[in-house]
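Residue numbers (the numbering used here): 17 to 212. We treat Cβ as the ideally placed atom computed from N, Cα and C, and that holds for glycine. Owing to the predicted nature of the structure, the values given are computational and were not obtained by experimental measurement. Right, one structure below, let's go through it.
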Amino acid sequence: MEFNDSTYRVLNRNGSHDSYYIQETNDSTILYLEFFGSYKLAIDSFSENQISGRYFLKNEPRRFTLKEKPVQWDKSLLQGKWVNEFYLDPNDQPMDINEFPPFPPGPDGLQVKWPPTTEFKKDTLHYDYWYSTKIDAYQINNSNEYITLNVSDFLGRENTLWKIKTLNDSTLIVDQYYSDEGRSGIEENVRFVKKN
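As structure tokens, then:
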């Protein structure tokens, strides 16, 4: 869950921004989370990096604690072109295009973009594959752990969220959350190698 000025996101739900507000009364403070109505969370304690309280589920009180997550990764390492290991040989070099089924001819003699790459720029993602480049905005959450995006991969799946598990100057490992014809799924530990 990520809080901004007046909105919050539950990243593994759908990444959409919903509004919240805090109401103070004489004897309590209530955090209202807007999503399919309002969730009311009574706050018992609040500090700079932790909120504790309770909410009711079927009239039974439940306790909760929201803690601030530290920054996980240096997001500047994400900038650049990445290649999915699916297209790499054991030495992390691009595989020969002829090892894959032949591609249909491209329009007007366009060349196949090989290997497919995912390039993170300042605030846009460029996904080069086959004969096209798809460009979309992306966002990184405050802890630099989740990337919300909206791009179709070569299998036709709509990638909506990536959870970064490893990020350094040469390797990116993510869990890819996607939707495919109305179904959702996760592909875990997808490894990318930075292209020089």
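A residue is called buried when at least 16 other Cβ atoms come within 10 angstroms of its Cβ; Asn184 does not meet this threshold and is exposed.
In this structure Gly96 is in contact with Lys210, their Cβ atoms being roughly 6 angstroms apart against a cut-off of 8 angstroms. Exposure of Glu64 is indicated by the presence of fewer than 16 other C-beta atoms within 10 angstroms of its C-beta.
Around Leu93, the same chain offers Leu183, Asn184, Asp185 as residues with beta carbons nearer than 7 angstroms, after the five sequence neighbours per side are excluded. Secondary structure of Leu93 (DSSP, three-state): helix.
Listed as beta-bridge partners of Lys179 by DSSP are Tyr162, Asp191. Assignment of Tyr48 by DSSP, reduced to helix, strand and coil, places it in the strand class. The alpha-carbon separation between Glu197 and Phe62 amounts to approximately 42 angstroms. Contact annotation: the region 189 to 196 does not touch the region 107 to 124, with fewer than three C-beta pairs closer than 8 angstroms.
Counting other Cβ atoms within 10 Å of its Cβ, Phe119 stays below 16 and is therefore classed as exposed. The continuous beta strand (DSSP E) containing Tyr145 extends over residues 140 to 146.
Residue burial annotation: Gly69 is buried, with at least 16 other C-beta atoms found within 10 angstroms of its C-beta. Residue state for Asp108 is assigned as coil, using DSSP reduced to three classes. CA-CA distance, Ser195 to Ser148, rounds to 21 angstroms.
No residue range can be given for Glu84, since it is assigned to no beta strand (DSSP E) and is classified by DSSP as neither H nor E.
Per the DSSP secondary-structure output, Leu57 pairs in a beta bridge with Leu47. In this structure Glu84 is in contact with Gln66, their Cβ atoms being roughly 7 angstroms apart against a cut-off of 8 angstroms. Where Ser186 is concerned, there is no enclosing beta strand (DSSP E), because DSSP gives it neither an H nor an E. Beta-bridge annotation (DSSP): Val206 is paired with Val190. Glu40 and Asn158 do not touch by the CB rule: their CB atoms are close to 25 angstroms apart, not below 8 angstroms.
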